[in-house]
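Undergrad: Okay, so the sequence shown: first residue is 488 according to the working numbering, each after it adds one.
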Amino acid sequence: MKENEPKGERIAKVLARAGVASRRGVERMIAEGRVSVDGVVLETPAFLVTPENILSVDGKQIGGPEGTRLWLYHKPVDLLVSHGDPDGRPTVFDVLPDEMPRVISVGRLDLASEGLLLLTNNGALSQFLEQPATGWTRHYRVRGYGVPSEKRMELIRQGATVEGIHYAPVDIQRESGGRTNHWYTLALKEGKNREVRRLMEYADVKVNRLLRTSYGPFQLGSLEPNTLREVPTDVLKQQLGKFAEQFGL
488 MKENEPKGER
498 IAKVLARAGV
508 ASRRGVERMI
518 AEGRVSVDGV
528 VLETPAFLVT
538 PENILSVDGK
548 QIGGPEGTRL
558 WLYHKPVDLL
568 VSHGDPDGRP
578 TVFDVLPDEM
588 PRVISVGRLD
598 LASEGLLLLT
608 NNGALSQFLE
618 QPATGWTRHY
628 RVRGYGVPSE
638 KRMELIRQGA
648 TVEGIHYAPV
658 DIQRESGGRT
668 NHWYTLALKE
678 GKNREVRRLM
688 EYADVKVNRL
698 LRTSYGPFQL
708 GSLEPNTLRE
718 VPTDVLKQQL
728 GKFAEQFGL
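(1) So, helix, strand or coil for residue 629, using DSSP?
(2) Residue 613 and residue 643: beta carbons closer than 8 Å?
(3) Express the C-alpha separation of residue 526 and residue 593 in angstroms, rounding to a whole number.
(4) Using CA coordinates, which residue listed in 709, 650, 660, 716 is at the minimum distance from residue 685?
(5) Tell me which residues share the same chain as residue 596 and place their Cβ nearer than 7 Å to its Cβ, disregarding the 5 neighbours each side in the sequence.
(6) Using CA coordinates, which residue listed in 665, 589, 626, 622 is at the minimum distance from residue 607?
(7) Consult DSSP for residue 737 and reduce its assignment to one of helix, strand or coil.
(8) Just tell me which of 704, 673, 717, 714 has its CA closest to the CA of residue 725.
(9) Report the rounded CA-to-CA distance for residue 640 versus residue 570, giving the unit in angstroms.
(10) Taking the alpha-carbon of residue 720 as reference, which of 539, 554, 532, 516 has the nearest alpha-carbon?
(11) With DSSP collapsed to three states, give me the class of residue 736.
(12) With DSSP as the reference, identify every bridge partner of residue 565, one or two as the case may be.
(13) Taking the beta carbon of residue 635 as the centre, do at least 16 other beta carbons fall within 10 Å, making it buried, or is it exposed?
(14) Could you pull the start and end residues of the alpha helix (DSSP H) that residue 541 belongs to?
(15) Mapping the DSSP letters down to three states, classify residue 533 as helix, strand or coil.
(16) Going straight from the alpha carbon of residue 683 to that of residue 494, what length do you get?
(17) Residue 667 and residue 632: beta carbons closer than 8 Å?
(18) What residues in its chain sit with their C-beta under 8 Å from that of residue 541, if we drop five residues either side in the sequence?
(19) Whole angstroms are fine: how far does the CA of residue 575 sit from the CA of residue 564?
(20) Quick one, are the C-beta atoms of residue 670 and residue 625 less than 8 Å apart?
(21) Comparing C-alpha positions only, which one of 610, 519, 520 sits nearest to residue 508?
(22) Threshold first: 4 residues or longer. Then list the alpha helix (DSSP H) segments lying entirely within the region 697 to 724, N to C.
(23) Roughly how far, in whole angstroms, is the beta-carbon of residue 544 from the beta-carbon of residue 516, given that I think they are within contact range, below 8 Å?
(24) For residue 496, does the three-state DSSP call read helix, strand or coil?
(25) Using DSSP bridges, identify the partner residues of residue 654.
(26) Does residue 514 pass the burial test, meaning 16 or more other C-beta atoms within 10 Å, or should it be called exposed?
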């Protein structure tokens with residue numbers, strides 16, 4: 488290190504690696520006055536820290552980062568994917584085993600949705616896996632009622648713009664069902680907020696069940712609701728390929 492080169496790492500990067508939140512999430516926490524270094528509340532994320540500094544979030548000291556880990560979780564309906572709800576509704580993080588380290592989700596599923604949710608203790612990994620550029624496809628099974636507009640279904644496959652929001656092409660297929668209640672499969676890479684529900688409504692289908700069955704190479708399979716399975720380190724490393732090293736794998 489050069490004599491005049493700043494020492495340490497940006498605090499958002501350090502706390503993300505410790506599993507507190509993504510870098511953007513940490514920056515929001517700092518803006519809310521929730522992060523302190525050596526007992527002093529930070530006012531800006533433009534701050535470098537070293538292993539000698541004592542970092543705290545919401546008054547709780549944050550230890551050094553452990554190795555990167557990833558879990559598959561079968562989220563049931565009626566649980567929020569949030570670290571806290573002002574209305575006191577139960578969250579995914581309220582029901583995790585006590586021995587679990589602090590984790591954050593890779594993307595979200597809304598309150599009424601169920602299925603595969605990835606959890607990790609590394610905020611940088613979470614942010615990386617959410618990016619469309621990663622190339623991981625998310626698969627869903629959706630049940631809905633209504634007579635779908637074939638014209639709009641085709642627009643969804645090509646990339647539709649709904650209420651001013653453009654969505655990348657989505658592979659959508661109709662499976663089986665009665666006259667007006669059908670199952671559909673969808674495959675997409677973006678995962679914008681409530682994307683599946685909004686696209687189905689655009690196609691004149693009202694969703695009454697939404698299940699995510701896979702996220703990239705990881706499958707929901709036979710995983711029971713509200714249960715976890717950790718991904719072995721060697722499997723995670725293999726799936727991340729050339730990017731594994733940047734997450735300490």
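All C-beta atoms in this analysis are idealised placements derived from N, C-alpha and C, irrespective of residue type, glycine included.
TA: Quick answer:
(1) Taking the sequence shown and counting its residues from 1, one reaches residue 629 at position 142. Note: residue 629 maps to strand in three-state DSSP.
(2) Numbered from 1 along the sequence shown, position 126 holds the residue referred to as residue 613. Numbered from 1 along the sequence shown, position 156 holds the residue referred to as residue 643. Taking 8 Å as the Cβ cut-off, residue 613 and residue 643 do not qualify as a contacting pair.
(3) As a first step, residue 593 must be located in the sequence shown, where it is residue number 106. As a first step, residue 526 must be located in the sequence shown, where it is residue number 39. Roughly 31 Å separates the two Cα atoms.
(4) Position 198 of the sequence shown holds residue 685. Of 709, 650, 660, 716, the residue nearest in Cα terms is 650.
(5) Here residue 596 is taken as the residue at index 109 of the sequence shown, counted from 1. Once the five neighbours on either side are set aside, the close Cβ partners of residue 596 are 562, 568, 602, 604, 699.
(6) Along the sequence shown, one-based indexing puts residue 607 at 120. The option with the nearest alpha carbon to residue 607 is 589.
(7) Within the shown structure, residues of the chain are numbered from 488 to 736, placing residue 737 beyond reach of any answer.
(8) Counting from one through the sequence shown, the residue named residue 725 turns up at place 238. Per the Cα distances, 704.
(9) Taking the first residue of the sequence shown as position 1, residue 640 is located at position 153. Taking the first residue of the sequence shown as position 1, residue 570 is located at position 83. Approximately 35 Å between the Cα atoms of the pair.
(10) Translated into the one-based positions of the sequence shown, residue 720 becomes position 233. Closest option to residue 720, Cα to Cα, is 554.
(11) Against the sequence shown, residue 736 aligns to sequence position 249. Here residue 736 sits in coil by DSSP.
(12) Here the question's residue 565 lines up with position 78 in the sequence shown. Paired residues: none, contrary to the question.
(13) As a working note, residue 635 is residue 148 in the sequence shown. It is buried - the Cβ of residue 635 has at least 16 other Cβ atoms within 10 Å.
(14) Reading the sequence shown from its first residue, position 54 is the one you call residue 541. Looking at the DSSP string, residue 541 is not in any alpha helix (DSSP H), and its letter there is neither H nor E.
(15) For the purposes of this step, residue 533 is taken as residue 46 along the sequence shown, with counting starting at 1. Of the three classes helix, strand and coil, the one that applies to residue 533 here is coil, per DSSP.
(16) Within the sequence shown, the letter at position 196 stands for residue 683. Within the sequence shown, the letter at position 7 stands for residue 494. Their Cα atoms are separated by approximately 45 Å.
(17) The count along the sequence shown starts at 1 and reaches residue 667 at position 180. The count along the sequence shown starts at 1 and reaches residue 632 at position 145. Cβ atoms of residue 667 and residue 632: closer than 8 Å.
(18) Walking along the sequence shown from the start, residue 541 turns up at place 54. Correct list, in chain order: 524, 525, 526, 548.
(19) Sequence index remark: in the sequence shown, residue 564 carries index 77 (1-based). Sequence index remark: in the sequence shown, residue 575 carries index 88 (1-based). Cα to Cα, residue 564 sits roughly 16 Å from residue 575.
(20) As a position in the sequence shown, residue 670 is number 183, starting the count at 1. As a position in the sequence shown, residue 625 is number 138, starting the count at 1. No. Outside cutoff.
(21) Taking the first residue of the sequence shown as 1, we reach residue 508 at position 21. The shortest Cα separation from residue 508 among 610, 519, 520 belongs to 610.
(22) none
(23) Your numbering for residue 544 matches position 57 in the sequence shown. Your numbering for residue 516 matches position 29 in the sequence shown. The pair is a contact, with the Cβ atoms about 6 Å apart (cut-off 8 Å).
(24) Translated into the one-based positions of the sequence shown, residue 496 becomes position 9. Here residue 496 sits in strand by DSSP.
(25) Here residue 654 corresponds to residue number 167 of the sequence shown, with the count starting at 1. Answer is none; residue 654 lacks a bridge partner.
(26) Locating residue 514 in the sequence shown gives position 27, where the first residue counts as 1. Buried: at least 16 other Cβ atoms inside 10 Å.
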